[in-house]
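See structure below.
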DNA sequence: GCATAATTGTGCAGAACTGCATAAAGTGCA
DNA sequence: TGCACTTTATGCAGTTCTGCACAATTATGC
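Protein chains in written order, with our numbering: chain A, 304 to 502; chain B, 304 to 502.
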């Protein structure tokens, strides 16, 4: 019997995890600036070069962030609920894409602890939101029939969804994942309300 | 007769300019990755350490960006026009704050050329928008009487203004300065229109 | 299975940046 | 002017990160 993922893929995930675990534990223990990449890679059992093959920065390794991606499932789920509520759909798509950047099996409580303590780590998270925004824009642009009749509609909607995510993340750091729909719904509602009176 | 700025201040501006000039010219000539900081500082006549005292990254030096600030004049101007249109006021404030990050006397045409050609440089510009956003938020939070009646109104409004700026900048790179009010007005209008139908 | 192709891991050289200690230059005041 | 005080410039050591070349590992077709 063959497992659904290849040996390569499993090893890859393992490497992601072991680097991330080593990084997060060391940083929680001794502080972000008191831990070097050399120490992390020694504990994780890989070379420094490999470290940077997996994570572009030390901060990404600590938070456990990799490049987000837009899977076919996410696209399909986005399309199926598009009729209901455009903004909510866009926000949920974006949150889901961001979710793909979190390395599987990490501890959300620890991630929250880390991001609350270190502004640098929050910054990295914000950058991943920008990456995800680019991906979401592509998806949204492919659905012109569902959008308001403006050539810029997709970009405005995406920008707005990203603003909602950033806003929500700042209120509740660590809360932006697709699993946390209630918090997102709350953020959307607050946004909508203020928008109505400010427009 | 004493000039209004101190000798120190003048020298500081000169150093900013000479580093930025050297960086921009070399990069236009040979490309971003083919120019080293060492080459820039040699042309500018300062040490490498001084380079990083003035600009946090090579990219910032090339674009000519320093830390934005919120001056008393900007604050006053923002307050005086707040009654008219909340969103426009916020966008203009933000654009003005971003304007303070541009080093004085640089060439906007060249800046546009550079940011169009190099995504890295656009990214740096975007980061400065985030910095400016933080400053603008402070200013907006100080005017609770002008805002919709919600504790989150200031943050939503700021996030929205930043979204408009990012949107406009992506449409017209290099166009986001306080002097370019027409482009900003256009961006706000587009945003507003889409928002109305998406809410 | 085995040869071959595609990925992934590693070492190394070099560029980007930071903290810290010290020298140089500008400022204010007796 | 001369002298303390503050700000700015520099050197240096050390960390982060990248491109490139090559070795090791995994996948693929026969």
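For every residue, glycine included, the Cβ atom is placed at its ideal position computed from N, Cα and C.
Its chain contains 350, 351 and 354 as the residues whose beta carbon lies nearer than 7 Å to that of residue 344 (chain B), once the 5 sequence neighbours on both sides are disregarded; these appear in chain order. Scanning the region 326–350 of chain B for uninterrupted alpha helix (DSSP H) segments of 4 residues or longer gives 340–347, listed from N- to C-terminal end. In this chain, the alpha helix (DSSP H) harbouring residue 422 (chain A) covers 422–444. With its beta carbon at least 7 Å from every one in chain A, residue 447 (chain B) lies outside the interface. Cβ contact annotation for residue 444 (chain A) (same chain, cutoff 6 Å, sequence separation greater than five): 457, in chain order. With respect to the 7 Å criterion, residue 454 (chain B) and residue 404 (chain B) are not classified as neighbours on the basis of their beta carbons. With a 10 Å radius around the Cβ and a threshold of 16 neighbouring Cβ atoms, residue 387 (chain A) comes out exposed.
Between residue 431 (chain A) and residue 406 (chain A) a beta carbon distance of about 12 Å is seen, past the 8 Å cut, so the two are scored as non-contacting. With the criterion set as a beta carbon lying under 9 Å from some beta carbon of chain B, the members of the region 391–416 of chain A are 393, in sequence order.
Taking 7 Å as the Cβ-Cβ cut-off, the region 374–390 of chain A approaches chain B at 389 and 390, given in chain order. Classified as exposed, residue 310 (chain B) has fewer than 16 neighbouring CB atoms from the shown chains inside 10 Å of its CB. In terms of beta-carbon proximity, residue 424 (chain A) stays away from the interface with chain B, with every pair separated by 7 Å or more. Separation of the CB atoms of residue 421 (chain B) and residue 335 (chain B) is rounded to 5 Å, and the pair is thereby assigned contact status at 8 Å. Burial check for residue 338 (chain A): the Cβ neighbour count within 10 Å reaches 16 or more, so the residue is buried. Look at the region 448–460 of chain B: the residues with a C-beta under 7 Å from a C-beta of chain A are 451, 453, 455, 456, 458, 459 and 460. In this structure, the beta-carbon distance from residue 373 (chain B) to residue 450 (chain B) does not fall below 7 Å. Around the Cβ of residue 392 (chain A), a 10 Å sphere holds 16 or more other Cβ atoms; the residue is buried. Residue 499 (chain A) reaches chain B at 502, counting residues in chain order whose Cβ is nearer than 8 Å.
Under the 7 Å criterion on CB atoms, residue 494 (chain B) is classed as interfacial with respect to chain A. Within chain A, the residues whose beta carbon sits less than 8 Å from that of residue 469 (chain B) are 462, listed in sequence order.
By alpha-carbon distance to residue 489 (chain A), the top candidate from A:502, A:474, A:379 and A:499 is A:474. Closer than 7 Å to the CB of residue 466 (chain B) there is at least one CB belonging to chain A.
Counting along the chain, the unbroken alpha helix (DSSP H) around residue 382 (chain A) starts and ends at 375–383. In the displayed model, residue 405 (chain B) falls within a strand according to three-state DSSP. Using a 10 angstroms sphere on the CB of residue 361 (chain B), the tally of other CB atoms reaches 16 or more, which defines it as buried. For the pair residue 501 (chain A) and residue 389 (chain B), the CB atoms are nearer than the 7 Å cut-off. Residue pairing by DSSP places residue 368 (chain A) opposite A:405 in a beta bridge.
In the three-state scheme derived from DSSP, where H, G and I count as helix and E and B as strand, residue 358 (chain A) is classed as coil.
For residue 411 (chain A) and residue 319 (chain B), the gap between their C-alpha atoms comes out near 43 Å. Put simply, the backbone Cα of residue 356 (chain A) is about 29 Å away from that of residue 366 (chain B). When DSSP states are grouped into helix, strand and coil, residue 363 (chain B) belongs to the helix group. Per DSSP, reduced to three states, the secondary structure at residue 450 (chain A) is coil, with no helix or strand assignment.
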